[in-house]
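Take any residue in the sequence shown, count from 1 to its spot, add 951: that is its number in the numbering used here. Just so you know, even glycine gets a beta-carbon here, dropped at the ideal spot from N, CA and C. Structure, as structure tokens:
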Amino acid sequence: MGHVRFTAFYLLCGMGATAAQIAIEPASMVPNIGASGAIAGVLAAYLINYPKARVQTIVPLGFLILPFKVPAVVYLPIWFGLQALSGLASLGMDTSVDAGGVAYFAHVGGFIVGLLLVKPFQVRQSTQALF
């Protein structure tokens, strides 16, 4: 993708994330601060480009915490679903500044924007000879 395209991709994912959060919770008084929505877009690009790559996570079993590797194509859709469900569960909760919280719909929006933009932002490899 290159550093210039990546920067544009990252910023657009961040803007999409913010737009999604504002669209879903327009009355919220909580500031939307952070990079997690843009990072969610990068996770979507990772999913598209490296679906079989194994992602290390942990599985807590009581007091025992086990490291576990799963393919991105398994892990990231589960992560996305958890963000969407957590966002739905947070609707209607106290949105005062004192309550704080996580902008789950920013994660959802950033991920969706990342899915939509990753292919257009990739450098196309020419199949023609260069001579």
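Checklist entry - What runs of the alpha helix (DSSP H), each 4 residues or longer, lie entirely inside the region 978-1052? => result 987-1000 and 1023-1041
Next on the checklist: Beta-carbon within less than 6 Å of Cys-964's beta-carbon, same chain only, minus the 5 sequence neighbours each way: which residues are those?
Outcome noted: Ala-989, Gly-992, Gly-1061, Val-1064 and Gly-1065
Checklist entry - Closest by CA to Ile-999, which one among Phe-1031, Ile-1029, Val-1024 and Leu-962? => result Val-1024
Checklist entry - What separation, rounded to the nearest whole angstrom, lies between the Cα atoms of Thr-958 and Val-1010? => result If you draw a straight line from the Cα of Thr-958 to the Cα of Val-1010, it comes to about 33 Å.
Checklist entry - Whose C-beta lies closer than 6 Å to the C-beta of Lys-1020 among residues of the same chain, with five residues either side of it excluded? => result Arg-1005 and Gln-1007
Next on the checklist: Measuring only the C-alpha atoms, how far is Leu-1067 from Gly-1032?
Outcome noted: 17 Å
Checklist entry - Should Leu-1036 be labelled buried (16 or more other beta-carbon atoms within 10 Å of its own) or exposed? => result exposed
Next on the checklist: Quick check on Gln-1073: does DSSP put it in helix, strand or coil?
Outcome noted: coil
Next on the checklist: Quick check on Gly-1065: does DSSP put it in helix, strand or coil?
Outcome noted: Gly-1065 falls in the helix class under three-state DSSP.
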